[in-house]
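Working notes, structure below.
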Amino acid sequence: MKNLFLLTLLLLLMGGFMYQLMYHRMPYQDPLELVASDCVLMVDWTDASGSARDFFNSRFGRNLTSIDWPYVLDQLAVSADFRKRLEEKSAAVIDCFSSPLCKKIFASRVVFALLPAEQTTVSGRPETPLGQRVILVATLKSRLVLPALLSSMAWLKGKVRRLTYRGRTIKRLELASGGNVYFALIDGNLVASPGRSAIEQSIDLLLQHRVQEQTGLLTNQNYRELRKRYRGNDFFIYADIPRLTSFFHLSHFSQQSAGEAGSSQLSGVKQIALFHSTDSNTQRLITLVKLSPDQLTNEQKELYSRRPVLNSRLPDIPSELVMYFWSNWLDLSGWWEEVVSSSGKSGRETTDKMSAWIRQKTGLEIDQFLSLFGQEFGINVTQIRTSGFFPVPSLCCFLELKEPAMVAGILEKGLSGLTLWRDTIDGVPVVSVMIAHGLMRPSYAVLDNYLLVADSRKQIEQLLAEKTSRLLDDELFKTVDTGMSKPANVHLFARTSLIVDSIKELVSWVGTVVAVRDGAAGKKSKILVDQVILPLLDGLKTFKAKSVRGYAGPGEVIFDAVVLTEPAN
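Sequential numbering of the sequence shown, starting at 1, is according to the numbering used here.
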């Protein structure tokens, strides 16, 4: 009897242990635990449905949906077969994603991820098509969502099959057009992918979670460090650049090795993270780029190692402008070395001619001439004139000088023989070149350690005159200010709506040129411009202003951007 009692007790303990292991594991909440830790690209969206609603309620969204697409397709003489397929597919997709069910799914947290390519075959092609490495994970509140979702996708004209993997159910939607879409409910999350292996990998991660506190992407140290840096209330994007480079290399099946494919300008980038948040009528996007110093080119090392500095010219910038840009990432000597080293035979002839011209005009070798300039440069666009044949911006540029007196002497020598007008503005000498009997007056001035060059004297005056209103006092600038008064490597401010007006003028001018050269093409061009391009450009005026502040730190570069939008109707 005693042995029977002990055996029964042992069986009960073992059963309790197995029950605890199988059904009472640690709480499972984060959908990122169902995404592989080595994922290539990930988008974590808090409320995709709400973002889509805000987009279509914006001016751009309203203009997009108000375009008479059937009329445009008619006028562009699109083939009937292509048009029919396009209209059927677009209508079906719109009906599906505008359904209350899809809105409900995407109103919760949704994760989109691109998983790494699986092992490749001898031919170099991946064993699984790369399109099947996409996965979606959506947090659900009801287990009834999956059957309802499959029912709502009847427009795909597919058959639903039931599969199992490690005791879990997978639904396969076999599409009449070919291919499959796989779905599974995993602990309150809807997981979907065109590839079965992606779903099975999520189930494997679920089972791992029974013995691990965290699984999936949450165990990726690079991701965790980036996610801790900032928190947004809209979406977060994470990209592993080396893996992403290899992924797209495989997608093209080139003969180039993955290492050679990564030798582009992104070769020194490890990860990129984007954090987006919204607040009233402003949107903030912070981009954080992690670098691999040992993989950067010499030019990149030089630029990204420069410390952020205070922009000493910012207090002088006038408020009457369309766009302002400043940076201390100017490296003319490094740029010239790169041009010379990468130029071929024909390119070398061009660089030799340029060197000879600089030598003739200045008496200096080109590397000596370029060394006269410092690291800072900037551009003011005060207006974009649209009264002429095509839009022309009014520009004012400034360059930091290492040898102001020598540069001033070179300019005096180079402009000798031209009609010049000299005067002073607040004690600063200004030189204007009189062109077309004074109708055009490009001007320059040397102020402290900076060379100012503008297409008119007025712009120099705006910079120098004390009575001019300043950008730092501008209310629109204050609304989107990202901390421009702090040390930085890059500054940008733009009145977006004014720039859009100028682009619209430019597009209309291009359409006119096309019509003059080819009447038939011009007729189609006018339809495309008037019915599609101009309405979409006008929709971009929903963005009133934008500012960006970029700054480098140890092993990273950060860009902080704020956009002001008009209130949605």
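Where is the CB? At the ideal position from N, CA and C, for every residue including glycine.
- Under DSSP, S193 forms a beta bridge with Y182.
- Here I67 is exposed, its C-beta having fewer than 16 other C-beta atoms within 10 Å.
- The C-beta distance from E302 to G334 rounds to 6 Å, short enough to fall under 8 Å.
- Going by DSSP, S443 is part of the beta strand (DSSP E) stretching over 443 to 447.
- Comparing alpha carbon positions, the residue from D423, D538, F236, I527 closest to L73 is I527.
- T386 has its alpha-carbon roughly 29 Å from the corresponding atom of L76.
- Within the segment 456 to 485, the complete alpha helix (DSSP H) runs of at least 4 residues fall at 457 to 464, 475 to 480.
- F377 sits in a strand when the DSSP states are folded into three classes.
- Contact between T382 and Q459 holds, since their C-beta atoms are separated by about 6 Å, short of 8 Å.
- E403 sits close to L372, with the two beta carbons spaced by under 8 Å.
- The continuous alpha helix (DSSP H) containing E349 extends over residues 345 to 362.
- At a Cβ-Cβ threshold of 8 Å, R284 and S292 do not count as neighbours.
- According to the DSSP secondary-structure assignment, R224 is paired through a beta bridge with no residue.
- Around the beta-carbon of P100, fewer than 16 other beta-carbon atoms lie within 10 Å, marking it exposed.
- Where T169 is concerned, the enclosing beta strand (DSSP E) starts and stops at 168 to 174.
- If the five residues before and after W45 are omitted, its C-beta is found closer than 6 Å to the C-beta atoms of V110, F235, all from its own chain and listed in chain order.
- Counting only the Cα atoms, R457 lies some 20 Å from L314.
- Contact check for I499 and L537: beta-carbon distance about 10 Å, past the 8 Å limit, so the pair fails to qualify.
- Inclusion of Y450 and N489 in the CB contact set at 8 Å is not warranted, their separation being larger than that value.
- Counting only runs of at least 3 residues, the segment 37 to 92 fully encloses the following beta strand (DSSP E) elements, listed from N- to C-terminal order: 41 to 45.
- Per the DSSP secondary-structure output, T419 pairs with nothing in a beta bridge.
- Between the alpha carbons of T65 and F56 lies a gap of roughly 8 Å.
- Judged by their CB atoms, D331 and L463 are not nearer to each other than the 8 Å cut-off.
- Counting the other Cβ atoms within 10 Å of the Cβ of H437 gives fewer than 16, which makes it exposed.
- Collapsing the DSSP output to three states places M406 in a helix.
- The C-beta separation of R306 from W329 comes to about 7 Å, placing the pair in contact by the 8 Å criterion.
- Contact annotation: C397 and G378 have beta-carbon atoms nearer than 8 Å.
- In chain order, Q295 place their CB closer than 7 Å to the CB of S267, counting only its own chain and leaving out the 5 sequence neighbours on each side.
- Per the Cβ contact rule, the segment 196 to 212 is in contact with the segment 157 to 169 (3 or more Cβ pairs under 8 Å).
- The beta carbon of V507 is closer than 8 Å to those of V529, I533, L534, L537 in its chain, skipping five residues each way along the sequence.
- DSSP places P308 outside both helix and strand once states are collapsed to three, so it counts as coil.
- Inclusion of A494 and K546 in the CB contact set at 8 Å is warranted, their separation being smaller than that value.
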